[in-house]
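Colleague: One gets the working numbering by counting positions in the sequence shown from 1 and adding 405 to each.
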Amino acid sequence: MSKDFVFSTREKDYSKWYNDIVEKADLAEHSAVRGCMVIKPYGYSIWEKMQAALDKMFKDTGHVNAYFPLFIPKSFFSKEASHVEGFAKECAIVTHYRLKNDEGGKGIVVDPDAALEEELIIRPTSETIIWNTYRGWIQSYRDLPVLVNQWANVVRWEMRTRLFLRTAEFLWQEGHTAHATAEEAVSEAEKMLDVYADFVENWMAVPVLKGVKTPNERFAGAIDTYCIEALMQDGKALQAGTSHFLGQNFAKAFDVKFAAKDGKLDYVWASSWGVSTRLMGALIMAHSDDAGLVLPPKLAPIQVVIVPIYKNEEQLKQISEMVAGIKKSLEAKGITVKYDDRDNIRPGFKFADYEFKGVPLRIAIGGRDMENGTAELARRDTMTKETVKQTDLVEKIEKLLIEIQSNLYTRAINRRKAATHTADTYDDFKKMLDDKGGFIYAHWDGTSETEQKIKEETKATIRCIPLNNKKETAKCIYSGKTSTQRVVFARAY
406 MSKDFVFSTR EKDYSKWYND IVEKADLAEH SAVRGCMVIK PYGYSIWEKM
456 QAALDKMFKD TGHVNAYFPL FIPKSFFSKE ASHVEGFAKE CAIVTHYRLK
506 NDEGGKGIVV DPDAALEEEL IIRPTSETII WNTYRGWIQS YRDLPVLVNQ
556 WANVVRWEMR TRLFLRTAEF LWQEGHTAHA TAEEAVSEAE KMLDVYADFV
606 ENWMAVPVLK GVKTPNERFA GAIDTYCIEA LMQDGKALQA GTSHFLGQNF
656 AKAFDVKFAA KDGKLDYVWA SSWGVSTRLM GALIMAHSDD AGLVLPPKLA
706 PIQVVIVPIY KNEEQLKQIS EMVAGIKKSL EAKGITVKYD DRDNIRPGFK
756 FADYEFKGVP LRIAIGGRDM ENGTAELARR DTMTKETVKQ TDLVEKIEKL
806 LIEIQSNLYT RAINRRKAAT HTADTYDDFK KMLDDKGGFI YAHWDGTSET
856 EQKIKEETKA TIRCIPLNNK KETAKCIYSG KTSTQRVVFA RAY
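Structure, rendered in structure tokens:
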């Protein structure tokens, strides 16, 4: 991969820069199905690392995995009014179950005699099918809590798509839990928000704001939606994860009751929570630069690549024997290593390719290194190189991988600090949005009308009401009415 493949820079065309990285770093590509993507092996290996880390976190907090159907009877959606309203415009619908040859010889057609008695919705989310199932699982307080997660795909029929950030079909996980009390369900939603924040900050190296969504921005059918919001390098926010307190809404819709210890029947309390392959988009936009992808070591499919530089086959054989020992020592420490000894590609091209794909560390070993017992070590995050003794290489790499992970987080949080502003007037607010972007803390009167007006006029939305928000009385920047706290506005993906 040559640097020439970066057709744009962040400053020149951020959207094209993003697309260039996704496609040229072999993360994903557009498929033959409009709005859907093919996640390529290198991109999928990053998702697998995300999956593995999150899955362990879920299981460490007592959750188990299950799987529920892709298809949901249409009637299920009508049982929870706000839920169907929230997803109605995004649903893909299965109406028939059979094809046949066209009698006129025009190929394959849908068999009109094979209409389903009830149409099936391809799941945009699974609350309805899961709560219909839970009715058979839950009778008593002894059956609670139910702590289930599902890794799955969902379909939301998006008209404007962008790889990873917004596609018609995407991969995700969705947790669905059932509890005996409201307090337990709220605690679950808050706990899972903390799990998400832990993952995004400590694995993805992306700082997040934790908060609560406004009624306008809540998940359809939720009492409260908790969220983590991340800031991208172009000053736009990205919702990185959500958890929801669903109250008893779905339990009532699907008649899921339990007998309490005193024998009285009550409806179950619920939470749901999820993150998706949108996190891949966040990872790219939070760290990458004009030389390509930058990956935090914890999620890099290849943490260290070793490239031999040789003049002849005999020298390559000697280098390969030495590299075998280095590779084995690194892998014994749990470090993923690739030795690229392909003889049909020049070392310079390999360097550019791995640089573009965001491999955190690159080792180059040539004839002189063989003589001197050294290796050249290059960092992707700082683009710096140093010569290291081979006897010190393993220890040095271990330390550098930790340092790179920390450095990426520090850079991201410094960018966020520089892009966080406070506005006291609507004029200042609009100017900040246009000039700087970023997170803007401003007073809001608490009404949906004001929130909608600001969105229509500026394309900025309230990303969250921060948890543990400081209370202060002032005037709303838009209406001039009394406000008791600042909320976080931003333009967003």
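Every residue gets a Cβ at the ideal spot worked out from N, C-alpha and C, and that includes glycine.
Hey, could you find the ends of the beta strand (DSSP E) residue 678 is sitting in?
Modeller: Its beta strand (DSSP E) spans residues 674-681.
Colleague: Closest to residue 786 by C-alpha separation, out of 836, 772, 762, 769, would be which residue?
Modeller: 762
Colleague: For residue 703, count neighbouring C-beta atoms within 10 Å of its own C-beta (all shown protein chains included) and say buried if the count is 16 or more, exposed if not.
Modeller: buried
Colleague: Can you have a look at residue 623 and say buried or exposed, based on whether 16 or more other CB atoms are within 10 angstroms of its CB?
Modeller: buried
Colleague: Could you tell me the distance, in whole angstroms, from the CA atom of residue 816 to the CA atom of residue 533?
Modeller: 42 Å
Colleague: Quick check: the Cα distance between residue 425 and residue 683, rounded to an integer number of angstroms?
Modeller: Their Cα atoms are separated by approximately 17 Å.
Colleague: Hey, out of 673, 694, 769, whose CA is closest to residue 544's CA?
Modeller: 673
Colleague: Is there a Cβ from chain B that is less than 7 Å from the Cβ of residue 658?
Modeller: Here there is only one protein chain, and chain B is not present.
Colleague: Expressed to the nearest angstrom, what Euclidean distance is found between the alpha-carbon atoms of residue 406 and residue 429?
Modeller: Confidence in residue 406 is poor, its pLDDT being 48 and thus under 50, which makes the residue's placement too unreliable to answer from.
Colleague: Quick check: what's the CA-CA separation for residue 419 versus residue 473?
Modeller: Within the model, the alpha-carbon separation for residue 419 versus residue 473 is close to 38 Å.
Colleague: Spatial neighbours of residue 408 within its chain, please: C-beta separation below 6 Å, excluding the five flanking residues on both sides.
Modeller: Low local confidence applies: a pLDDT of 46 at residue 408 is under 50, so the model's placement there is unreliable, with the coordinate-based value given in what follows. Cβ neighbours of residue 408 beyond the five flanking positions: 757.
Colleague: Does the region 637-647 come close enough to the region 726-735 to have 3 or more Cβ pairs within less than 8 Å?
Modeller: no
Colleague: By a C-beta neighbour count over all protein chains shown, 10 Å radius and 16 as the cutoff for buried, is residue 895 buried or exposed?
Modeller: buried
Colleague: Mind listing, in chain order, the continuous beta strand (DSSP E) runs of no fewer than 3 residues lying wholly within the region 730-818?
Modeller: Within the region 730-818, complete beta strand (DSSP E) segments of at least 3 residues are found at 742-744, 766-771, 779-784, 790-794, given in chain order.
Colleague: Would you tell me roughly how many angstroms separate the C-alpha atoms of residue 694 and residue 801, rounded to the nearest one?
Modeller: So the alpha carbons of these two residues sit roughly 25 Å apart.
Colleague: Assuming residue 648 is part of the beta strand (DSSP E), what are its boundary residues?
Modeller: 642-652
Colleague: To the nearest whole angstrom, what separates the beta carbons of residue 621 and residue 810, a pair I think is in contact under 8 Å?
Modeller: Contact flag wrong, Cβ pair sits at about 37 Å.
Colleague: For residue 612, name the three-state secondary structure that DSSP assigns.
Modeller: coil
Colleague: Whole alpha helix (DSSP H) runs in the region 409-497 with 4 or more residues, listed along the chain?
Modeller: List check, alpha helix (DSSP H) in window: 419-429, 446-465, 479-482, 486-492.
Colleague: Please state the DSSP three-state secondary structure of residue 841.
Modeller: coil
Colleague: Are the Cβ atoms of residue 813 and residue 701 separated by less than 7 Å?
Modeller: yes
Colleague: In whole angstroms, give me the CA-to-CA distance for residue 625 and residue 898.
Modeller: 19 Å
Colleague: What would DSSP say about residue 699, mapped onto helix, strand or coil?
Modeller: coil
Colleague: On a CA-only basis, which of 511, 458, 719, 819 is nearest residue 636? Give me that one, please.
Modeller: 819
Colleague: Quickly, what does DSSP pair residue 555 with across the bridge? List them, please.
Modeller: 579
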